[in-house]
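Residue numbers (our numbering): 171 to 314.
Glycine included, C-beta positions come from ideal geometry on N, C-alpha and C.
Keep in mind that this is a model prediction, so the values were computed, not measured.
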């Protein structure tokens, strides 16, 4: 019989930085070692959660602008211009869109004139949907 060649049990030792990574099994760093090229765990955002802390505080910290400010520094309203426009288009003869945003006087005028025979309500609904500077009764810009 011919003799089988003997294979070494361990791979030959190589210089650090060449071939397979050095360290623990399968290239993982040993316990207590940090992988090269990565910062230590923690950093500037350590301990901060993904959500703001509870407590009922306003998202912006300003009770006069609970939904923040627009690019011009004007506070956003809690009312939506899309909801106001849709209400004005479908129920504008009763002034519902204007009542929704707090303009009671215009709402009553539309109610008593049947929305200007429907023409005023239609135009007002389109303007509410397309305008970017309509405000609620408190003078805050409607959210889009």
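Test item: CB-CB of residue i and residue j under 8 Å
| i | j | result |
| --- | --- | --- |
| residue 263 | residue 291 | yes |
| residue 252 | residue 309 | no |
| residue 272 | residue 306 | yes |
Same chain, Cβ closer than 8 Å to residue i, five either side skipped, listed in chain order
| i | result |
| --- | --- |
| residue 240 | 246, 311 |
| residue 280 | 262, 263, 264, 265, 268, 286, 290, 291, 294 |
| residue 301 | 251 |
| residue 244 | 310, 311 |
| residue 278 | 265 |
Spatial neighbours of residue i in its chain, beta-carbon cut-off 7 Å, leaving aside the 5 residues before and after
| i | result |
| --- | --- |
| residue 225 | Below a pLDDT of 50, predicted positions are generally treated as unreliable, and residue 225, at 48, falls in that range; the measurement from the model is reported next regardless. Around residue 225: no qualifying Cβ. |
| residue 248 | 236, 237 |
| residue 227 | Reliability fails at residue 227, whose pLDDT of 47 lies under 50, so the model's placement of it is uncertain and no value is given. |
Local conformation of residue i per DSSP, three classes
| i | result |
| --- | --- |
| residue 249 | strand |
| residue 283 | coil |
| residue 313 | strand |
| residue 242 | coil |
| residue 225 | In this prediction, residue 225 has a pLDDT of 48, which is less than 50 and means its spatial position is unreliable; what the coordinates show is noted afterwards. It is coil, neither helix nor strand. |
| residue 295 | helix |
Close beta carbons around residue i, own chain, < 6 Å, minus the five adjacent residues each side
| i | result |
| --- | --- |
| residue 255 | 295, 298, 299 |
| residue 270 | 254, 257 |
| residue 250 | 313 |
| residue 259 | 295 |
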